[in-house]
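Residue numbers (UniProt numbering): 1 to 392. Ideal Cβ positions, reconstructed from N, Cα and C, are used throughout, including at glycine. This structure is a prediction, so every number in the text was calculated from the model and none was measured. Step one of this worksheet: look at the structure below.
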Amino acid sequence: MSAVGKPAVEGARRSPYFTEEHEALRDQVRRFVEAEIKPHALQWEEDGFVPRAVLRKMGELGFFGIRYPGEYGGSEMDTMATVVLAEELGRSTFSGVAITALVHTDMASVHIANAGSPAQKDKYLPGIIAGEKIVAVAVTEPDAGSDVKGIRTTARREGDHYVLNGAKMFITNGVHADLYCVAAKTDPQARPSQSVSIFLVEKGTPGFSVSRALDKHGWRSSDTAELSFVDCKVPAENLLGQEGRGFYAIMSNFQNERTVIGAMAMGEAQAAIDLTLDYVKTRKAFGAPLWEKQAIRQRLAELAGKVEAGRQLVYHAAWLDAQGFDATREVSMAKAYCGELVNEVMYDCLQFHGGMGYMRESAIERMTRDARVQAIGGGATEVMLEEVAKRL
Numbered sequence: 001m002s003a004v005g006k007p008a009v010e011g012a013r014r015s016p017y018f019t020e021e022h023e024a025l026r027d028q029v030r031r032f033v034e035a036e037i038k039p040h041a042l043q044w045e046e047d048g049f050v051p052r053a054v055l056r057k058m059g060e061l062g063f064f065g066i067r068y069p070g071e072y073g074g075s076e077m078d079t080m081a082t083v084v085l086a087e088e089l090g091r092s093t094f095s096g097v098a099i100t101a102l103v104h105t106d107m108a109s110v111h112i113a114n115a116g117s118p119a120q121k122d123k124y125l126p127g128i129i130a131g132e133k134i135v136a137v138a139v140t141e142p143d144a145g146s147d148v149k150g151i152r153t154t155a156r157r158e159g160d161h162y163v164l165n166g167a168k169m170f171i172t173n174g175v176h177a178d179l180y181c182v183a184a185k186t187d188p189q190a191r192p193s194q195s196v197s198i199f200l201v202e203k204g205t206p207g208f209s210v211s212r213a214l215d216k217h218g219w220r221s222s223d224t225a226e227l228s229f230v231d232c233k234v235p236a237e238n239l240l241g242q243e244g245r246g247f248y249a250i251m252s253n254f255q256n257e258r259t260v261i262g263a264m265a266m267g268e269a270q271a272a273i274d275l276t277l278d279y280v281k282t283r284k285a286f287g288a289p290l291w292e293k294q295a296i297r298q299r300l301a302e303l304a305g306k307v308e309a310g311r312q313l314v315y316h317a318a319w320l321d322a323q324g325f326d327a328t329r330e331v332s333m334a335k336a337y338c339g340e341l342v343n344e345v346m347y348d349c350l351q352f353h354g355g356m357g358y359m360r361e362s363a364i365e366r367m368t369r370d371a372r373v374q375a376i377g378g379g380a381t382e383v384m385l386e387e388v389a390k391r392l
């Protein structure tokens, strides 16, 4: 394995995929969730964002640098460590908090770590890892999501600046981020795959604004925005990587993003099953706990088996990536399977909570709303199945 240490044998699942170091990280994240997220996150759902103090604390504990170089404050761990973080944050039952952190670590700042110049890394990575600078990635537009080649935002070179014009939609961390990795077309006449570049745009840059905060069905504690760029002048030194290589950078990191979402979804699904088991073993109907009903306990057993299968699929895809193999097929399978499965789990778990499951005061109601986007964001199930089909 690429991570330091021998395979863990005393971990929660005694999995061959994880080392003692991974399991120590799991324990640390789980303690943080219990102490710092669960007692307070209902208020964050009302507020519509995660407080900066909490994100800074996550940075102080090393959660934002687990894959990044030690010279910037990172831990230099592997893909399996990312899976641990995503799964445990998913288990928190507050997926808006989870996605706030995971977009910062594995969907946005990762572009700087992968393609940034030494000067860009020196300038931004220490603050990113410490949780002092929160990052968003701005690719999606009103008419372009997974179809990255279809973006319309443009960046025109003028002397020592680029001038950006366009709009971005559904941008997680979009309201409160400090730094944005923005995809734009630098050469509309080039082949679509060679026309996109990525730029680092800081909050407060003239011509850049948050058009509006978006009101979502779920992930209520995650701030999401529509962004506007009107003659936004960005220094040429803020080009991230090479001009015209942005499409490849985005497509490459889609694999990491989809692995993260799969792991997060399985954390959510496991938490839902755990909550429902507690409920049906104490809630009585017709003179006995609901657990005594064969249909209910067998359905929960079936769901537990499916979640275990999904979890192992995510683990294997992540392990392949950690070993340097192309895991596009396996990652696409995991994203499609887990995005659909978490919704199947939530549907039945809410059903088994009865009327209480429909009340806003119950965790399963919130979790059911949060889970719906897992089959959409990061690549809809239909897009993932096409990726698998290409490789059959």
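Grouping DSSP H, G and I as helix and E and B as strand, with all else coil, what is residue i?
i, result
"Ala-334", "helix"
"Val-388", "helix"
"Ile-273", "helix"
"Ser-15", "coil"
"Met-107", "helix"
"Asn-173", "coil"
"Lys-306", "helix"
"His-22", "helix"
"Arg-157", "strand"
"Phe-325", "coil"
"Ala-138", "strand"
"Ala-380", "coil"
"Val-201", "strand"
"Gly-244", "coil"
"Thr-224", "strand"
"Lys-233", "strand"
"Phe-94", "coil"
"Arg-212", "strand"
Taking only the alpha-carbon atoms, compute the straight-line gap between residue i and residue j and give it to the nearest angstrom.
i, j, result
"Ala-304", "Ile-273", "7 Å"
"Gly-287", "Val-345", "26 Å"
"Asp-389", "Glu-45", "Reading off the sequence, residue 389 comes out as Ala, not Asp. Going by the C-alpha atoms only, they are around 38 Å apart."
"Val-33", "Asp-231", "42 Å"
"Asp-215", "Gly-48", "9 Å"
"Lys-57", "Gln-323", "31 Å"
"Gln-189", "Glu-76", "40 Å"
"Asp-106", "Tyr-162", "26 Å"
"Ser-211", "Cys-349", "37 Å"
"Glu-141", "Leu-227", "9 Å"
"Ile-151", "Arg-372", "25 Å"
"Val-280", "Phe-247", "48 Å"
"Arg-31", "Arg-311", "21 Å"
"Ala-8", "Thr-381", "Because Ala-8 sits at a pLDDT of 48, beneath the cut-off of 50, its placement in the model cannot be relied upon, and the following sentence gives the value as read from the coordinates. So the two alpha carbons sit approximately 33 Å from each other."
"Gly-339", "Trp-319", "20 Å"
"Phe-170", "Ala-138", "9 Å"
Do you know whose CA, among the options, lies nearest residue i's CA?
i, options, result
"Asn-268", "Val-97, Ile-66, Thr-381, Gln-294", "Residue identity differs from the one stated: residue 268 is Glu in this sequence, not Asn. Comparing Cα positions, the closest option is Val-97."
"Lys-149", "Leu-300, Tyr-162, His-111, Gln-194", "Gln-194"
"Lys-233", "Ala-213, Pro-126, Ser-209, Glu-226", "Ser-209"
"Ala-213", "Ile-296, Ala-24, Val-342, Gly-174", "Gly-174"
"Leu-164", "Pro-142, Ala-225, Leu-239, His-104", "Leu-239"
"Arg-245", "Ala-225, Val-280, Ser-197, Lys-306", "Ser-197"
"Tyr-72", "Met-80, Asp-78, Thr-79, Gly-62", "Gly-62"
"Phe-352", "Gln-255, Arg-67, Leu-275", "Leu-275"
"Asn-256", "Arg-191, Phe-229, Ala-225, Arg-329", "Arg-329"
"Val-307", "Asn-343, Ala-295, Gln-294", "Asn-343"
"Gln-374", "Arg-297, Gln-294, Val-260, Ala-271", "Val-260"
Less than 8 Å separating the beta-carbons of residue i and residue j?
i, j, result
"residue 398", "Ala-108", "Absent from the model: residue 398. The displayed extent of the chain is 1 to 392, so no value can be given."
"Leu-89", "Met-333", "no"
"Val-201", "Met-266", "no"
"Met-367", "Ala-336", "no"
"Ala-363", "Thr-82", "no"
"Ala-184", "Ala-155", "yes"
"Lys-203", "Asp-223", "no"
"Gly-379", "Phe-254", "yes"
With a threshold of 16 other CB atoms inside 10 Å of the CB of residue i, please say whether the residue is buried or exposed.
i, result
"Gly-377", "buried"
"Thr-282", "exposed"
"Thr-284", "Note that residue 284 is Lys in the sequence shown here, rather than Thr. That one is exposed."
"Arg-360", "exposed"
"Asn-114", "exposed"
"Ser-221", "buried"
"Glu-387", "buried"
"Arg-191", "exposed"
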